[in-house]
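Counting from 1 along the sequence shown, just add 1408 to a position and that's the residue number in this note's numbering. Take a look at the structure below.
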Amino acid sequence: MEITQKKYIYNGEIVTASQLSSISFSNRAFKYGDALFETIRYSNKNILFLSEHLLRLKLSMPILKMKIPPYFSFDYFLNKISDVIYANNLQDKSARIRLTVFRTGSGNYYPESNDVDYLIETEELSHSSYLLPFQGLVVDIFK
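Below is the structure:
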């Protein structure tokens, strides 16, 4: 039986965990949590609510003064997420996708750069639908 390594997308390229060593632990994402992420659901061969996730990401990046690369588009991420789904043989399964955007370089109080790197990772899920608590939910509205 062949053991396959989990695959990721790092800045557009399919890589394994051992190839992610170029991400330094002095990176501000590790030191200060200087990053954004979206958790996206993949179910029944569909990436759910991708446009809403990307909109939230693109609205949040300027708040942290992160530059939005011109290629950060719906079609770009649809292709990259599909690539990593297939690379991990999850196309017929359900999965959690995490898209993390973080500032390149290091820096202490002030970042050295406002340019960004990104990482897409996947995790297989055992259920294809959202699971709700057995006892139900309590919902309230606050104005």
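Virtual Cβ for every residue (Gly too), placed ideally from N, Cα, C. In this text the structure is predicted, and so the values were computed from the model without any measurement.
For residue i, does the count of other Cβ atoms within 10 angstroms reach 16, so buried, or fall short, so exposed?
i	result
Pro1519	buried
Ile1471	exposed
Thr1530	buried
His1461	buried
Ala1503	buried
Val1547	exposed
Tyr1418	buried
Leu1507	buried
Lys1439	exposed
Lys1488	buried
Leu1545	exposed
Leu1428	exposed
State the Cα-Cα distance for the pair residue i and residue j, rounded to the nearest angstrom.
i	j	result
Lys1453	Glu1532	13 Å
Leu1615	Ile1549	For the chain, the structure presents residues 1409 to 1551; residue 1615 sits outside this window and is missing.
Asp1523	Gln1543	45 Å
Ser1468	Pro1477	14 Å
Val1490	Gly1420	Rather than Val, the amino acid found at residue 1490 in this sequence is Ser. About 12 Å.
Ser1430	Ser1521	17 Å
Apart from the five residues on each side of it in sequence, which residues of its chain come closer than 6 Å, Cβ to Cβ, to residue i?
i	result
Tyr1526	Val1509
Thr1424	Gln1413
Taking the alpha helix (DSSP H) that residue i belongs to, which residues open and close that run?
i	result
Val1492	1482-1495
Ser1468	1458-1468
Phe1550	No alpha helix (DSSP H) contains Phe1550, which DSSP labels as neither H nor E.
Phe1433	Note, Phe1433: premise wrong, no alpha helix (DSSP H); not H, not E.
Return the chain-ordered list of same chain residues with a C-beta closer than 7 Å to the C-beta of residue i, the five sequence neighbours on each side being excluded.
i	result
Ala1495	Lys1415, Ile1422
Asp1500	none
Within a Cβ cutoff of 8 Å, which residues of the same chain sit near residue i, ignoring the five residues on either side of it in sequence?
i	result
Phe1457	Ile1448, Arg1449
Leu1498	Tyr1450, Thr1530, Glu1532
Val1492	Lys1415, Tyr1416, Ile1417, Ile1422, Ile1505, Ile1528, Glu1529, Thr1530
Leu1444	Leu1465, Ser1468, Met1469, Leu1472, Met1474, Thr1508, Val1509, Phe1510
His1535	Ser1502
In terms of residues, what are the limits of the beta strand (DSSP E) holding residue i?
i	result
Lys1415	1415-1418
Thr1530	1524-1533
Glu1446	1443-1451
Tell me, please, whether the CB atom of residue i is closer than 7 Å to any CB atom in chain D?
i	result
Arg1504	The structure shown contains no chain D; it holds only a single protein chain.
**Asked** Is it true that the segment 1513-1520 meets the segment 1425-1440, where meeting means three or more beta-carbon pairs spaced less than 8 Å apart?
**Response** yes
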